[in-house]
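Working notes, structure below.
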Amino acid sequence: MRILIPDLGYPDADLEREVAGSDVTVDFYKWEPGIVAQITEESWRECNGLVLYEKIPVTPEIMTKLDNIKVVVRAGVGFDNVDIKGFGAMGIPVCNVPDYGTMDVAEHAIGLMLGLTRGITEHDARLMTDPVGEWMFHTPPIKRRILG
8 MRILIPDLGY PDADLEREVA GSDVTVDFYK WEPGIVAQIT EESWRECNGL VLYEKIPVTP
68 EIMTKLDNIK VVVRAGVGFD NVDIKGFGAM GIPVCNVPDY GTMDVAEHAI GLMLGLTRGI
128 TEHDARLMTD PVGEWMFHTP PIKRRILG
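Under the working numbering, the first residue of the sequence shown is numbered 8, with each subsequent residue one higher.
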């Protein structure tokens, strides 16, 4: 089996290779502008699985190169760079990772909510503008409050 990752966001695919196992070849290309032109015809034509992040839209030109494709996986939530209907017409399943980043998004939202409630950005701005002046202001405690 051969997997192609055409838009990896980091410099190596060690984790992917470890998870895939020794009987799977993982071709990967670290994302950079113009990377599609650098991907070999062999990588496109021989891959059985295509793992996509958000950087490369799968064009009809790319789809015609996927001679041995069996599955397409969008390594993220959305399908905005994948032609689901086109792959469906080819009989190729397209999957995504619907829970990708949900904990990160939730933690970020809570952090922003707490930051706004406690006035952290306002405190920071006042302190940066006038470090010795009257920059203190009262923010109500969060205890016994409902946020959200």
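Each residue gets a CB set at the ideal place from its N, CA and C atoms; glycine is no exception.
Opening and closing residue of the beta strand (DSSP E) in which residue i lies
i: residue 57; result: 56 to 59
i: residue 35; result: 32 to 37
i: residue 101; result: 101 to 103
Contact under 7 Å by Cβ, residue i with residue j
i: residue 81; j: residue 55; result: no
i: residue 33; j: residue 23; result: yes
i: residue 35; j: residue 59; result: no
i: residue 39; j: residue 75; result: no
Residue i: first and last residue of the uninterrupted alpha helix (DSSP H) it sits in
i: residue 119; result: 109 to 125
i: residue 14; result: It is not in any alpha helix (DSSP H) - residue 14 instead sits in the beta strand (DSSP E) that spans 9 to 15.
i: residue 43; result: 42 to 45
i: residue 25; result: 21 to 27
Neighbourhood of residue i by C-beta distance below 7 Å, restricted to the same chain and skipping five residues each side
i: residue 66; result: none
i: residue 89; result: 59, 65, 79, 81, 101
i: residue 83; result: 60, 61, 103, 104, 107
Assumed close pair residue i, residue j - CB separation to whole angstroms, cut-off 8 Å
i: residue 43; j: residue 10; result: 17 Å between Cβ atoms; not a contact.
i: residue 64; j: residue 37; result: About 18 Å; that fails the 8 Å criterion.
i: residue 118; j: residue 144; result: No, residue 118 and residue 144 are not in contact; Cβ-Cβ is about 21 Å, not under 8 Å.
i: residue 149; j: residue 124; result: 6 Å
i: residue 99; j: residue 77; result: 7 Å
Residues near residue i by beta carbon distance below 8 Å, same chain, minus five either side
i: residue 28; result: none
i: residue 86; result: 101, 103
i: residue 70; result: 90, 93, 94, 97
Which parts of the stretch 52 to 98 are runs of the alpha helix (DSSP H), unbroken and 4 residues or longer, counting only runs that do not cross its ends?
-> Here the runs fully enclosed are 67 to 72, 91 to 96.
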